[in-house]
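**Student:**
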Amino acid sequence: MKSKFFVVLISIVMILGCSKSESEYEPSSEKTNIRKPMSWGHKQTIYIFADDNVWKYAETPLRESLERFWFTVRNESFFEIKRAKFEAIEQFYKFNNLIFLCDLESNEEVSKYIKEKIGEKIVDEVKANSIGMYPVNNLWANDQFILFLIGDNERNLLSFNILQANKTFELFRDKLYQRIAAKIYKMKIHTDNFFSGLSWKLKLPKNYVLYKKDKDFISFLARQRKKADRFISVYSEKMDKDNIGKEWLKERRAKLAWKYFDEDEFYQSDIRIERGKLNEHKCWKLSGRWQNKKYAVGGAFQSFAFYNEKTKSAFLIDNSVYYPEGDKIPSLIELEMISRTFEIIE
């Protein structure tokens with residue numbers, strides 16, 4: 013068993029920056045240690061260590077939060093959680109997603125193990141505050157994310173688990189987005205010349221090729237065997253003032269999909285529209301299921317619309333996925349991470 017166990021609070025910060033070559037791009041990631049192995053396991057599976065009495069009451073809030081649905085063509089779960097057996101803990105040192113729940117008053121095996129390893133400083137902090145949340149990157153392996161939830165007693169631990177359910181989800185969600193971005197940007201990207209003549213540019217991986225192009229619309233497609241077809245499209249129009257809203261977005265997206273994707277469409281009952289943010293741009297987000305009666309196919313999509321005051325322009329960035337064989341969430345995340353690199357050339 014590992015003899016050293018350091019728990020430090022690490023804030024997760026996304027920093028977008030260019031690498032040495034114009035045709036390369038590297039999104040931020042936590043520093044790796046060449047002496048540590050790479051973590052492994054399914055990126056959307058989270059293993060949880062908890063004593064029986066804690067797990068009995070903590071399981072439901074954890075499942076409700078971490079296994080929440082993203083509606084694509086069906087309800088897909090962001091994550092799957094599994095309870096890990098404490099006696100097999102050494103087998104989990106290399107897994108990429110772990111949660112430990114610890115009650116400082118308990119001498120049950122999981123809580124006792126954590127108390128022995130975290131040190132007096134953390135114990136004192138938890139006793140002073142009654143609870144503590146400690147996210148840790150790369151503790152035993154590179155690209156690993158571990159979350160420690162600690163309470164000074166069982167009641168406070170269980171209450172904290174419920175109250176911080178959304179925060180727990182956000183931490184693992186952000187790590188998933190970061191991992192997917194790191195994976196897609198291992199390949200080279202198109203240079204700025206690829207976007208010559210346009211008023212904007214993207215950090216677009218080279219496996220995306222031109223699909224359709226018109227005066228104010230352009231679409232790129234990534235197609236690989238045994239993977240989803242992924243489309244990222246950009247539409248722009250001049251606009252004297254910000255007239256973007258729910259109806260504008262729904263109307264524009266419907267027209268563009270019908271025209272450029274050979275009669276794709278969506279129904280009101282299959283979509284969700286909400287306020288959001290795409291980097292520094294406050295936007296409207298439309299998401300849900302698309303279908304095409306002409307070819308009897310369907311898939312998932314998300315669209316981001318925002319207004320740029322300096323250029324007096326409206327932009328609609330659309331992400332669309334076709335993958336009848338499997339889950340759509342990883343592809344939608346990939347497309348969103350690419351969309352986040354959108355930059356207006358002023």
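Residues in the sequence shown are numbered consecutively from 13, following this note's numbering.
Every residue, glycine too, gets a C-beta built ideally from N, C-alpha and C.
Compare the Cα-Cα distances from Phe90 to each of Ile341, Ser351 and Glu355 and report the closest residue.
**Tutor:** Mapped onto the sequence shown, residue 90 falls at position 78. Among Ile341, Ser351 and Glu355, the Cα nearest to that of Phe90 belongs to Ile341.
**Student:** Starting from the Cα of Lys55, find the closest Cα among Pro336, Phe81, Phe160 and Asp186 and give me that residue.
**Tutor:** Stepping through the sequence shown from its first residue, residue 55 is reached at position 43. If we check each option's Cα against that of Lys55, Asp186 comes out closest.
**Student:** In the structure shown, what three-state DSSP assignment does Ile356 receive?
**Tutor:** For the purposes of this step, residue 356 is identified with residue 344 of the sequence shown, where counting begins at 1. It is a strand residue.
**Student:** In terms of DSSP beta bridges, what is Tyr146 paired with?
**Tutor:** For the purposes of this step, residue 146 is taken as residue 134 along the sequence shown, with counting starting at 1. For Tyr146, which the question treats as bridged, DSSP gives the partners Phe160.
**Student:** State the start and end residues of the unbroken alpha helix (DSSP H) segment that holds Arg185.
**Tutor:** In the sequence shown, residue 185 corresponds to position 173, counting from 1. Unbroken alpha helix (DSSP H) run through Arg185: Ala177 to Ile196.
**Student:** Verify whether the separation of the beta carbon atoms of Ile111 and Ile60 is less than 7 Å.
**Tutor:** Counting from one through the sequence shown, the residue named residue 111 turns up at place 99. Counting from one through the sequence shown, the residue named residue 60 turns up at place 48. Yes, they are a contact pair.
**Student:** Looking only at its chain, what residues have a beta carbon closer than 6 Å to the beta carbon of Ile196, apart from the 5 residues adjacent to it on each side?
**Tutor:** Translated into positions along the sequence shown, residue 196 becomes position 184. For Ile196, where only same-chain residues beyond five positions count, the Cβ hits under 6 Å are Pro217 and Glu346.
**Student:** Could you give the DSSP three-state label for Lys294: helix, strand or coil?
**Tutor:** The residue you call residue 294 lines up with position 282 of the sequence shown. Lys294: strand per DSSP, three-state reduction.
**Student:** Which residue comes first and which comes last in the beta strand (DSSP E) that contains Val85?
**Tutor:** Taking the first residue of the sequence shown as 1, we reach residue 85 at position 73. Where Val85 is concerned, there is no enclosing beta strand (DSSP E), given that its DSSP letter is neither H nor E.
**Student:** Out of curiosity, what's the CA-to-CA distance linking Glu92 and Thr353?
**Tutor:** The residue labelled residue 92 in the question sits at position 80 within the sequence shown. The residue labelled residue 353 in the question sits at position 341 within the sequence shown. Each residue's alpha carbon lies about 29 Å from the other.
**Student:** Quick one: grab the DSSP three-state call for Arg254.
**Tutor:** Reading the sequence shown from its first residue, position 242 is the one you call residue 254. It should be pointed out that residue 254 corresponds to Asp in this sequence rather than to Arg. Asp254 falls in the coil class under three-state DSSP.
**Student:** Is Thr57 helix, strand or coil when you go by DSSP?
**Tutor:** Start at 1 with the first residue of the sequence shown, and residue 57 comes out as number 45. Thr57 falls in the strand class under three-state DSSP.
**Student:** Helix or strand or just coil, what does DSSP make of Arg80?
**Tutor:** Your numbering for residue 80 matches position 68 in the sequence shown. Looking at Arg80 - three-state DSSP - the assignment turns out to be coil, as it is neither helix nor strand.
**Student:** Check for me: the beta strand (DSSP E) holding Ala317 runs from which residue to which?
**Tutor:** Against the sequence shown, residue 317 aligns to sequence position 305. Note, Ala317: beta strand (DSSP E), Val309 to Asn320.
**Student:** Using the C-alpha atoms, what's the distance from Asn331 back to Phe313?
**Tutor:** Your numbering for residue 313 matches position 301 in the sequence shown. Your numbering for residue 331 matches position 319 in the sequence shown. Their backbone Cα atoms lie some 5 Å apart in a straight line.
**Student:** Between Tyr272 and Arg284, what straight-line distance do the alpha-carbon atoms span, to the nearest angstrom?
**Tutor:** Counted from its first residue, the sequence shown places residue 272 at position 260. Counted from its first residue, the sequence shown places residue 284 at position 272. Straight-line Cα distance between these residues: approximately 22 Å.
**Student:** Grab me the residues of Glu368's own chain with a C-beta within less than 8 Å of its C-beta, minus the 5 sequence neighbours each way, in chain order.
**Tutor:** Examination of residue 368 is not possible in this model, given that the chain is present from 13 through 358 alone.
**Student:** Tell me the DSSP bridge mates of Lys127?
**Tutor:** Residue 127 sits at position 115 when you count from the first residue of the sequence shown. Partner(s): none; Lys127 has no beta bridge.
**Student:** If we ignore side chains and look at the alpha-carbon of each, how far apart do Lys250 and Tyr279 end up?
**Tutor:** Stepping through the sequence shown from its first residue, residue 250 is reached at position 238. Stepping through the sequence shown from its first residue, residue 279 is reached at position 267. Near 27 Å, if we compare the C-alpha coordinates of Tyr279 and Lys250.
**Student:** Considering only DSSP beta bridges, list what Gln280 is partnered with.
**Tutor:** Translated into the one-based positions of the sequence shown, residue 280 becomes position 268. DSSP, once it has assigned bridges, lists no residue as partnering Gln280.
**Student:** Going by DSSP in three states, Ala100 sits in which element: helix, strand or coil?
**Tutor:** Residue mapping note: residue 100 aligns to position 88 of the sequence shown, counting from 1. Looking at Ala100 - three-state DSSP - the assignment turns out to be helix.
**Student:** Hey, is the stretch 323 to 337 in contact with the stretch 259 to 270, meaning 3+ C-beta pairs nearer than 8 Å?
**Tutor:** The stretch 323 to 337 is in contact with the stretch 259 to 270.
**Student:** Are the stretch 116 to 129 and the stretch 225 to 235 in contact at 8 Å, needing three or more beta carbon pairs?
**Tutor:** These segments do not touch.
**Student:** Run through DSSP, which three-state label would Leu21 get?
**Tutor:** Residue mapping note: residue 21 aligns to position 9 of the sequence shown, counting from 1. Bear in mind that the predicted position of Leu21 carries a pLDDT of just 37, short of 50, making it unreliable; the figure below should be weighed with that in mind. Leu21 falls in the coil class under three-state DSSP.
**Student:** Mind reading off the beta-carbon distance from Asn149 to Phe160? Whole number of angstroms is fine, and I expect it under 8 Å.
**Tutor:** As a position in the sequence shown, residue 149 is number 137, starting the count at 1. As a position in the sequence shown, residue 160 is number 148, starting the count at 1. With a Cβ gap of about 12 Å, Asn149 and Phe160 do not count as contacting.
**Student:** On the three-state DSSP scale, how would you describe Trp67?
**Tutor:** By 1-based counting over the sequence shown, the position of residue 67 is 55. Reduced to three states, the DSSP call for Trp67 is helix.
**Student:** Would you kindly work out how many angstroms separate the C-alpha atoms of Glu337 and Leu169, rounded to a whole number?
**Tutor:** Locating residue 337 in the sequence shown gives position 325, where the first residue counts as 1. Locating residue 169 in the sequence shown gives position 157, where the first residue counts as 1. Whole-angstrom Cα-Cα distance: 41 Å.
**Student:** Answer yes if the stretch 298 to 313 comes into contact with the stretch 205 to 222, meaning at least three C-beta pairs across the two stretches below 8 Å, and no otherwise.
**Tutor:** The stretch 205 to 222, when compared against the stretch 298 to 313, does not touch it at the 8 Å Cβ threshold.
**Student:** For Asp155 versus Ser51, is the C-beta spacing smaller than 7 Å?
**Tutor:** If you number the sequence shown from 1, residue 155 lands on position 143. If you number the sequence shown from 1, residue 51 lands on position 39. Yes, they are a contact pair.
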